[in-house]
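Just add 3 to the spot in the sequence shown (first one is 1) and you have the working numbering. Just so you know, even glycine gets a beta-carbon here, dropped at the ideal spot from N, CA and C. Input: a single structure, listed below in C-alpha cells.
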Amino acid sequence: MTGRKGLLIMAARSETGRAGSGASDVYEVDWREELDGDRLREECGIFGIHNHPDAAAIVALGLHALQHRGQEAAGIVSFDGRVFHSERRMGLVGDSFSDLATIERLKGRAAIGHVRYSTTGETILRNVQPLFAELESGGLAVAHNGNLTNGLLLRRQLVRDGAICQSTSDTEAILHLVARSRHVRMVDRLMDALRQIEGGYALVMLTNKKLIGARDPLGIRPLVLGELDGRYILASESCALDIIGARFVRDIDNGEMVVISDDGVESIRFAKAQPMRPCIFEYIYFARPDSVVNGKNVYAVRKSIGVELAKEAPAGADIVVPVPDSGVPAALGFAQEAGLPFEMGIIRNHYVGRTFIQPTQSVRELGVRMKHSANRAAIEGKRIVLVDDSLVRGTTSMKIVRMMREAGAREVHFRIASPPITHPDFYGIDTPEKEKLLAATHDLEGMRRVIGADSLAFLSIGGLYRAMGEESRNAASPQFTDHCFTGDYPTPLTDLAIASPRQMAILAEAD
Ligand code: SF4
C-alpha cells in the first residue's frame with residue numbers, strides 16, 4: 004500500500020502534450036525523490052462549499068491553497084440543483100482549473116474538490132477524485148484525505164458480492180458501502196458506511212441537497228469548518244479559508260459528521276467519544292506554516308521544535324542554516340535558542356516541479372542542485388549547523404552535506420527537527436518500506452557516516468511532545484498519532500493482517 008513509485012512530470016508527453024490534460028499515460032520516473040527531496044508525503048487535500056454562486060471557482064482557489072498536500076492531480080464536482088458536473092485532471096490546480104471554460108462547466112451553488120498524491124491506486128484518471136456515483140437515494144461525490152486500513156478487505160468482500168469497481172482507490176469502497184446500506188436517508192447510509200471503515204480519514208462529500216464532512220474516530224487527518232458570507236465551507240487546513248477571506252469556525256471533531264444544508268450545520272457523532280490523536284507529522288511537515296491545526300499555529304509549533312532541539316543537541320557552529328522551505332521555522336527557533344546567526348546558506352528553486360527535462364543520468368546526478376543550491380557567500384569557511392524537519396532515506400541529506408562542503412563549509416553538523424523515522428505509515432502518508440528508512444536500518448553513528456556530517460542529532464520524542472505544549476507523552480493514551488517514530492499504531496492494520504497466507508488463500512479464491 005505504501006512506498007509506491009512514480010511521478011507525473013512526463014504525463015504531458017501523451018497525445019495532448021499539455022499538463023492538466025484529461026487523457027494521459029503515467030511515465031514512471033523516480034524523480035520525486037530526486038527533485039522534491041527525501042520526504043514523507045501527505046497525500047491529499049480536500050475542500051467543499053455549500054450554497055455559493057461561484058462554488059466551483061471558490062473550490063479551485065481552496066485547492067490551490069492546499070496544493071502542498073498533493074500535486075499529481077486535481078478534481079472538482081459540482082451540483083446545479085439537477086445534475087452533478089465533474090472535471091478531473093492530471094497536474095496542478097493552476098494548470099487545470101484556471102481557464103474559465105472549465106469553471107463554467109462546473110455549474111451550481113455547491114461543489115467539492117480534491118488535490119491528489121497517491122498512496123493506494125495508480126495515478127490514473129479513474130483514480131482522480133472526487134469519485135462520484137448515482138445511488139438509489141441520489142448522487143454522491145466523495146473526496147478523501149487519508150488511507151483506509153481495511154480498504155483492501157472491504158474491496159475484496161464487495162467484489163465477491165458482485166460490486167463493479169471503477170477505480171483501484173480505497174476510497175471507492177465508501178461509495179459501495181453507502182449504495183448497499185439498507186437505510187433510506189443518505190445521512191444514515193453514510194453513518195452506516197463510516198462505521199465499517201477503519202484508518203485515518205477526512206472526508207468531504209456532496210449530495211443533491213447537502214455538503215457533508217466527516218473525520219475519523221481518532222482525528223488523525225485534519226478537517227476544519229469555515230464560513231464565507233453565511234455560506235459554510237469544509238477544508239483540510241485553515242490556510243484554504245484564508246485565501247478566500249473566509250472565517251475559521253472550528254475544527255471538525257474526531258468521530259464527528261457535519262451535515263451542511265439550507266437549514267444550517269448539523270453535527271452528528273458516528274463513533275464513540277474518545278481522546279483525539281491527530282497525526283503529529285502535520286505539525287512537523289505536512290501542514291502549511293500559516294495553518295492552525297487543532298488550535299495550534301503550525302509555524303509557532305515548528306519554532307518551538309527548533310528551540311527544544313537546540314536545548315537537547317547544541318552544535319559547536321558559527322551559523323544556523325535551514326534546509327528550505329520546511330526546515331526554516333525550526334532553524335529560526337534553533338538559532339534563537341542557541342544565540343547563533345541564522346543564514347540562508349541554501350537557496351531553493353521553487354520552479355523545479357514544472358520542468359520537462361528528460362531524466363538522463365547526468366541530469367539525475369544534478370537532481371538535488373535543481374532544487375537546492377549553495378549560497379557560498381554565507382557559508383564559506385564557516386562551521387555550519389543544518390536544520391531540516393525530518394530524515395527518511397537520507398539521500399537528500401547526504402547530497403546537501405556534500406554540497407555544503409563543496410561550497411567551502413569548514414564543518415557541517417546536522418540537526419533533525421523530529422525523532423528518527425523507524426516505521427512506515429498506513430494512514431495516508433506515502434512512506435518507503437521499513438528497510439528503506441535509514442533510521443530503521445542504522446544506528447545514529449551509522450546514519451552520521453551515511454550522510455557524511457561531522458555530527459548528527461534528532462529531536463527526542465519527549466522534546467517533540469514538549470514543543471507541542473505537553474509535559475510528556477502519555478504512553479497509555481498518547482495525545483498524538485506518532486507511530487512512524489514509535490511503532491505504536493493507533494488502530495488495527497486489518498489489510499496488513501489479511502496478507503497472511505490463510506487470508507491470501509481466501510482472497511485468491513475470490514478473484
Ligand atoms: S505514521 Fe502517524 S504520525 Fe507519522 S505521518 Fe503517519 S499518521 Fe502521522
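Sorted by chain position, which residues of the same chain lie with C-beta nearer than 6 Å to leucine 496's C-beta, five sequence neighbours on each side aside?
-> Thr152, Phe429
Would you report the Cα separation of lysine 439 and arginine 396, rounded to the nearest angstrom?
-> 6 Å
Beta-carbon proximity of glycine 319 to arginine 386, cut-off 8 Å | yes
With which residues is methionine 93 paired in a DSSP beta bridge?
-> Ala76
Would you identify the three-state DSSP class for valine 415, choosing helix, strand or coil?
-> strand
Rounded distance between the beta-carbons of isoleucine 424 and alanine 442, thought under 8 Å = 6 Å
Should glutamate 448 be labelled buried (16 or more other beta-carbon atoms within 10 Å of its own) or exposed?
-> exposed
Between isoleucine 49 and ligand 1, is the CB less than 7 Å from at least one heavy atom?
-> no
Are proline 427 and leucine 467 closer than 8 Å when you measure CB to CB?
-> no
Residues sharing a beta bridge with alanine 238, DSSP = Phe50, Val227
Evaluate serine 140 with the Cβ neighbour count: other Cβ atoms within 10 Å of its Cβ, from every protein chain shown; 16 or more gives buried, anything less gives exposed.
-> buried
Does the pairing of the segment 219-232 with the segment 240-248 give three or more beta-carbon distances under 8 Å?
-> yes
Would you check if the distance between the CB atom of glycine 51 and the CB atom of leucine 161 is smaller than 8 Å?
-> no
Could you tell me which residues DSSP puts in a beta bridge with phenylalanine 488?
-> None; phenylalanine 488 has no bridge partner.
Could you give the C-beta distance for asparagine 130 and threonine 171, rounded to a whole number, given that I count them as a contact under 8 Å?
-> 6 Å
Looking at arginine 218 and alanine 238, is the spacing between their C-beta atoms short of 8 Å?
-> no
Extent of the continuous beta strand (DSSP E) to which histidine 375 belongs = 375-377
Is it the case that the CB of leucine 244 approaches a heavy atom of ligand 1 more closely than 7 Å?
-> no
Looking at cysteine 168 and ligand 1, is the gap between the Cβ and the nearest heavy atom below 7 Å?
-> no
Should the segment 109-118 be called in touch with the segment 88-101, which here means at least 3 C-beta pairs below 8 Å?
-> yes
Are the segment 301-321 and the segment 451-462 in contact at 8 Å, needing three or more beta carbon pairs?
-> yes
Apart from the five residues just before and just after valine 261, which ones in its own chain have a Cβ nearer than 8 Å to its Cβ?
-> Ile215, Gly216, Ala217, Leu228, Leu237, Ile255, Val268, Glu269, Ser270, Ile271
Cα separation between arginine 234 and serine 89?
-> 22 Å
When the Cα of phenylalanine 488 is compared with those of Ile382, Ile283, Val388, Gly472, which residue comes out closest?
-> Ile283
Continuous beta strand (DSSP E) stretch holding threonine 210: start and end | 202-210
Going straight from the alpha carbon of leucine 389 to that of aspartate 293, what length do you get?
-> 23 Å
Where does aspartate 256 sit, in a helix, a strand or coil, going by DSSP?
-> coil
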